[in-house]
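Okay, so the sequence shown: first residue is 0 according to numbering that gives the first Met the number 0, each after it adds one. Glycine is no exception: its CB is placed at the ideal position from the N, C-alpha and C atoms. Following: one structure in structure tokens, then a few remarks.
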Amino acid sequence: MIIVTLADKGITVELYPRLDVKLDKQLKYANKRGFPYVLIIGEKEAKQNKVRLKDMNAKVKTEGKLLSLDKVISLLRS
0 MIIVTLADKG
10 ITVELYPRLD
20 VKLDKQLKYA
30 NKRGFPYVLI
40 IGEKEAKQNK
50 VRLKDMNAKV
60 KTEGKLLSLD
70 KVISLLRS
């Protein structure tokens, strides 16, 4: 499981408590909590065995970069 892998690498992880909530509401929650990054894993990402990393502090709205989990770990630990 991705959250276990991240936690094992020393990366603090919080999972949104409900799965039936739209992404925009989940992103507002993350922003309100002050999270610098959000990982997005939808059907498309799961099929490609990748995750989407969204920088919550970016001035420009983006949907995030599609990256391998190893690359995400490397970026978050640096």
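Item                                                                                                                                      : Value
Ignoring anything shorter than 3 residues or poking outside the region 28 to 60, list the beta strand (DSSP E) runs there in chain order. : 36 to 39, 50 to 54
Please say whether Leu26 and Val12 have beta carbons closer to each other than 8 Å?                                                       : no
Between the beta-carbon of Lys46 and the beta-carbon of Ser67, is there less than 8 Å?                                                    : no
For Ile10, which option in Glu42, Tyr28, Pro35 has the closest C-alpha, if you only look at C-alpha atoms?                                : Pro35
Which residues does DSSP list as the beta-bridge partners of Leu65?                                                                       : Arg51
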